[in-house]
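Beneath this line is the structure, given in structure tokens, with notes to follow.
There are 2 protein chains.
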Amino acid sequence: MNEHAEPVERLIKALEKLPGVGARSAERFAYHMLDAPQEETMELARAIRDMKRDAKECKQCYNISGEDECRICRDRSRDRTLLCVVETYQDVTAIERTGAYRGLYHVLRGRLAPLEGKGPENLTIRRLLERVKSGEFREVILATNPDMEGDGTAMFLAQEMAGLDVKVTRLARGIPSGGRVKLAGKSILSDALEGRTEL
Amino acid sequence: MNEHAEPVERLIKALEKLPGVGARSAERFAYHMLDAPQEETMELARAIRDMKRDAKECKQCYNISGEDECRICRDRSRDRTLLCVVETYQDVTAIERTGAYRGLYHVLRGRLAPLEGKGPENLTIRRLLERVKSGEFREVILATNPDMEGDGTAMFLAQEMAGLDVKVTRLARGIPSGGRVKLAGKSILSDALEGRTEL
Chain C
266 MNEHAEPVER LIKALEKLPG VGARSAERFA YHMLDAPQEE TMELARAIRD MKRDAKECKQ
326 CYNISGEDEC RICRDRSRDR TLLCVVETYQ DVTAIERTGA YRGLYHVLRG RLAPLEGKGP
386 ENLTIRRLLE RVKSGEFREV ILATNPDMEG DGTAMFLAQE MAGLDVKVTR LARGIPSGGR
446 VKLAGKSILS DALEGRTEL
Chain S
266 MNEHAEPVER LIKALEKLPG VGARSAERFA YHMLDAPQEE TMELARAIRD MKRDAKECKQ
326 CYNISGEDEC RICRDRSRDR TLLCVVETYQ DVTAIERTGA YRGLYHVLRG RLAPLEGKGP
386 ENLTIRRLLE RVKSGEFREV ILATNPDMEG DGTAMFLAQE MAGLDVKVTR LARGIPSGGR
446 VKLAGKSILS DALEGRTEL
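Taken in sequence, the protein lines are chains C and S.
Heads up: the first sequence begins at 266 in my numbering, then just goes up one per residue.
Heads up: the second sequence begins at 266 in my numbering, then just goes up one per residue.
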């Protein structure tokens with residue numbers, strides 16, 4: 266026999282599916298909801314339902330959006346000649362948070378992973394090439410992750426864009442800001458040395 | 266301008282109301298739900314709604330229950346002559362988890378707190394006294410918290426039950442199992458000394 270009343274137990278089980286939420290956190294959340302005002306808790310239930318219903322991919326860039334075209338693509342104040350290619354919509358959020366980028370995006374929906382059978386046709390590469398071929402962009406920044414598959418994806422895209430009249434760049438790699446040289450791994454330090462800049 | 270699409274942003278705001286959930290965790294949960302199967306995420310939304318609708322207080326003991334009478338009160342295999350009085354339904358869960366108690370419960374819904382204007386009439390004390398006066402119980406264990414208000418509440422209840430044919434006990438207090446004598450505070454050590462047992 267289980268410790269909780271059935272409706273509470275069912276909620277705890279559902280909460281445990283969230284990343285990093287174990288039995289104790291799920292219980293704490295459930296108890297909070299039990300005691301919280303009806304309106305606050307029902308708003309959470311509705312927000313979950315509405316997000317699953319309303320969130321979709323932007324028709325232009327495949328970013329998550331509440332409408333057909335995302336806010337970034339709709340924003341006429343942005344630099345529409347600059348395109349940043351990322352693996353996932355979470356990467357868009359991370360880059361937006363910096364405030365250091367004012368161009369547009371293209372979300373690949375993953376990266377090339379031949380071993381998992383993930384080829385160009387599983388990503389949004391065809392649409393990316395269409396956008397780039399339209400000639401709107403002066404620069405495409407390949408911001409896939411700095412790992413084997415992200416690098417491979419960037420390499421593939423650079424080759425596909427080789428004949429086009431567009432500058433293709435890749436995010437800089439090196440020692441993370443705030444990091445310690447003595448703690449950086451071999452490949453991080455190699456990258457940092459190779460990419461050293463003149464002062 | 267905000268980093269997330271409107272439906273995602275709304276969900277993040279709702280998730281941030283949960284205890285210990287900051288902006289980053291809320292975002293992680295929201296992204297998880299965005300990518301998780303429709304059915305898994307909708308089950309969470311429904312479980313929240315159903316719990317708020319179905320969870321109620323047991324008519325006997327005021328524990329949280331999906332039905333009019335909670336599972337513990339309905340369980341005929343329990344010792345129905347033993348009553349454990351606690352402040353909240355979370356205390357029931359904690360005690361049940363030990364597996365060391367097989368009697369019934371009574372949830373006070375708080376403790377006496379004169380400074381906050383919380384008197385006996387704000388708790389379920391009248392019903393508790395009715396239950397005890399019925400003569401069903403041979404022992405009432407007062408398991409309110411070992412702090413000023415919990416002690417005050419236990420004292421009050423003990424006085425109210427003074428004339429009745431029932432043994433009234435209080436949870437033992439002392440050094441917590443796994444704790445260190447050298448780290449225990451003054452009042453913990455005083456309790457432990459006063460309550461010392463013969464070996």
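The beta carbon of each residue, even a glycine, is placed where N, CA and C say it ideally should be.
- I329 (chain S) and A457 (chain C) have their alpha carbons spaced roughly 59 angstroms apart.
- Y296 (chain C) reaches chain S at Q355, counting residues in chain order whose Cβ is nearer than 7 angstroms.
- Contact of L429 (chain S) with chain C is not assigned, every C-beta pair being separated by 7 angstroms or more.
- Not a single CB atom of chain C sits nearer than 7 angstroms to the CB of L373 (chain S).
- Contacts between L309 (chain S) and chain C, judged by CB atoms closer than 9 angstroms, involve L276, A279, L280, K282, L283, A310 and I313 in chain order.
- Boundaries of the alpha helix (DSSP H) around L394 (chain C): I390 to K398.
- Taking a C-beta cut-off of 7 angstroms against chain C, the contacting residues of the segment 343–370 of chain S are Q355, T358, E361 and R362, listed in chain order.
- Between I337 (chain S) and V397 (chain S), the alpha-carbon positions lie close to 17 angstroms from each other.
- Close partners of G331 (chain S) in chain C (Cβ separation under 7 angstroms): A270, E271 and P272.
- Per DSSP, I406 (chain C) is one residue of the beta strand (DSSP E) stretching across E404 to L407.
- What E305 (chain C) touches in chain S, judged by beta-carbon distance under 9 angstroms, is A279 and K282, going in chain order.
- When secondary structure is reduced to three states using DSSP, Y370 (chain S) falls in the strand class.
- Distances from the CA of P379 (chain S) to each of S:D356, S:G450 and S:G417 were compared; the closest alpha carbon is that of S:G417.
- Using a Cβ-Cβ cut-off of 7 angstroms, K324 (chain C) does not count as an interface residue toward chain S, since no Cβ of chain S sits closer than that to its own.
- In this structure, D319 (chain S) and P272 (chain C) form a Cβ contact; the two beta carbons are roughly 4 angstroms apart against a cut-off of 8 angstroms.
- When DSSP states are grouped into helix, strand and coil, E322 (chain S) belongs to the strand group.
- In the DSSP secondary-structure assignment, I329 (chain C) is bridged to C:E322.
- Nothing from the segment 399–426 of chain C brings a Cβ to less than 9 angstroms from some Cβ of chain S.
- Residue burial annotation: M426 (chain S) is buried, with at least 16 other C-beta atoms found within 10 angstroms of its C-beta.
- Residue burial annotation: A310 (chain C) is buried, with at least 16 other C-beta atoms found within 10 angstroms of its C-beta.
- Using a Cβ-Cβ cut-off of 7 angstroms, D300 (chain S) does not count as an interface residue toward chain C, since no Cβ of chain C sits closer than that to its own.
- Per DSSP, reduced to three states, the secondary structure at L377 (chain S) is coil, with no helix or strand assignment.
- Interface flag for D319 (chain S) against chain C is set, since a Cβ pair is found closer than 7 angstroms.
- Remark: C-beta atoms of L280 (chain C) and H297 (chain S) do not approach each other more closely than 7 angstroms.
- Contact note: R339 (chain C) does not reach chain S at a C-beta cutoff of 9 angstroms; the least C-beta distance is about 11 angstroms.
- Around the beta-carbon of S290 (chain S), 16 or more other beta-carbon atoms lie within 10 Å, marking it buried.
- At the C-beta level, R376 (chain C) and T409 (chain C) come within 7 angstroms of one another.
- Think of a sphere of 9 angstroms around the beta carbon of R396 (chain C): no beta carbon from chain S falls inside it, the nearest being about 20 angstroms out.
- Considering only S:D340, S:E322, S:R345 and S:E274, the residue with the shortest C-alpha distance to A312 (chain C) is S:E274.
- R293 (chain S) has a beta carbon lying within less than 7 angstroms of a beta carbon in chain C.
- DSSP places V351 (chain S) in the uninterrupted beta strand (DSSP E) bounded by L347 to V351.
- In the structure shown, the three-state DSSP call for V286 (chain S) is coil.
- Residue environment analysis places E381 (chain S) among the exposed positions, since fewer than 16 neighbouring C-beta atoms fall within 10 angstroms of its C-beta.
- DSSP places T462 (chain S) outside both helix and strand once states are collapsed to three, so it counts as coil.
- For R435 (chain C), the three-state secondary structure derived from DSSP is strand.
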